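>
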Amino acid sequence: MPIATLNIDILLDTLEAAIRRQISERKLNNPLLIGIHSGGAWIARHMHQRLGMSEPLGMLDITFYRDDFSQIGMHPKVKTSQLPPHLEGRDIILIDDVFYTGRTIRAALNEIFDYGRPNQVVLAVLIERNGRQIPLQPDCHGVRIDLAGDQRIKLTGPDPLGIEIQSPQVVAA
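As structure tokens, then:
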């Protein structure tokens, strides 16, 4: 899909349909929806409402689980994870805004497993882009796009949600 045609409402519709398929195909039983702070939490709020989930929405802050934590500095912006105390045997739908290298998801899975061993985890992302560095991939997405290595996707929000493609500025000599 061309970058200029990224429409947040269409992406949310596509992601919702893909999640519904995964719930049916994988026979998820009363799944717990968990969003990764910040953009993934924004998307998760939309999916939680659209899917009519009965369980409270879970929120995950992976700051202390990141493999680049020591590079972030002494004062990272840490938010509170809000999860049930035990995830043992639960079906989970993990939501993030952009899947890029896979490192964020690796950190999220590490934190989830510290709460217990889930039955299964479905990974849903609004945007999957090229650049994977770890052998993980989403089960469903709103769209898959290819970007140049120096381009970044930024979700803006939370209300209204928007998408920005950022490229480095070229400075004239």
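Heads up, the sequence shown is in UniProt numbering, so the first residue is 1 and it goes up one at a time. C-beta atoms are modelled at their ideal positions from N, C-alpha and C, and glycine is treated no differently. All figures in this text were calculated on a predicted structure; none of them were measured in a lab.
With DSSP as the reference, please indicate the residues paired to residue 174 in a beta bridge.
Any question about residue 174 goes unanswered here, given that the chain covers just 1 to 173.
> Is DSSP giving H46 helix, strand or coil here?
Here residue 46 refers to the residue found at position 46 of the sequence shown. The answer is helix: DSSP assigns H46 an H, G or I state.
> Can you tell me which of the three DSSP states E88 falls into?
Within the sequence shown, the letter at position 88 stands for residue 88. It is coil, neither helix nor strand.
> Does the separation of the CB atoms of G142 and I127 fall below 8 Å?
Counting from one through the sequence shown, the residue named residue 142 turns up at place 142. Counting from one through the sequence shown, the residue named residue 127 turns up at place 127. For G142 and I127, yes; Cβs fall inside 8 Å.
> Quick check on DSSP: helix, strand or coil for I72?
Taking the sequence shown and counting its residues from 1, the one referred to as residue 72 is at position 72. Because the pLDDT of I72 is 48, which lies under 50, any placement of that residue in the model is unreliable, and the number read from its coordinates should be weighed accordingly. Correct three-state label for I72: helix.
> Label T101 either buried or exposed according to how many other C-beta atoms from any shown protein chain fall within 10 Å of its C-beta, with 16 as the threshold for buried.
In the sequence shown, counting from the first residue as 1, residue 101 sits at position 101. Result: exposed.
> At the level of alpha carbons, what is the spacing between R20 and L51?
The count along the sequence shown starts at 1 and reaches residue 20 at position 20. The count along the sequence shown starts at 1 and reaches residue 51 at position 51. Computed Cα separation, rounded: 8 Å.
> Using the beta-carbon count (16 or more within 10 Å), is P85 buried or exposed?
Within the sequence shown, the letter at position 85 stands for residue 85. Per the 10 Å Cβ criterion, exposed.
> Compute the Euclidean distance between the alpha carbons of D114 and P31, then round it to the nearest angstrom.
In the sequence shown, the residue the question calls residue 114 occupies position 114. In the sequence shown, the residue the question calls residue 31 occupies position 31. For D114 and P31, the distance between alpha carbons rounds to 18 Å.
> Per the contact definition of three or more C-beta pairs closer than 8 Å, is the region 88 to 97 in contact with the region 30 to 45?
Enough Cβ pairs lie closer than 8 Å, so yes.
> How would you label P118, buried or exposed, when you count the other beta carbons within 10 angstroms and need 16 or more for buried?
Position 118 of the sequence shown, counting from 1, holds the residue named residue 118. Label assigned to P118: buried.
> What three-state label does DSSP hand R144 in the structure shown?
Residue numbering aside, residue 144 sits at position 144 when the sequence shown is read from its first letter. If DSSP states are grouped into helix, strand and coil, R144 belongs with the strands.
> Select from S167, A107 and M47 the residue whose C-alpha is nearest the C-alpha of P56.
Working through the sequence shown from its first residue, we reach residue 56 at position 56. Among S167, A107 and M47, the Cα nearest to that of P56 is on M47.
> Nearest by alpha-carbon distance to A107: which of L147, H37, Q49 and T14 is it?
Here residue 107 refers to the residue found at position 107 of the sequence shown. Looking at the Cα atoms, H37 is the closest of the given residues.
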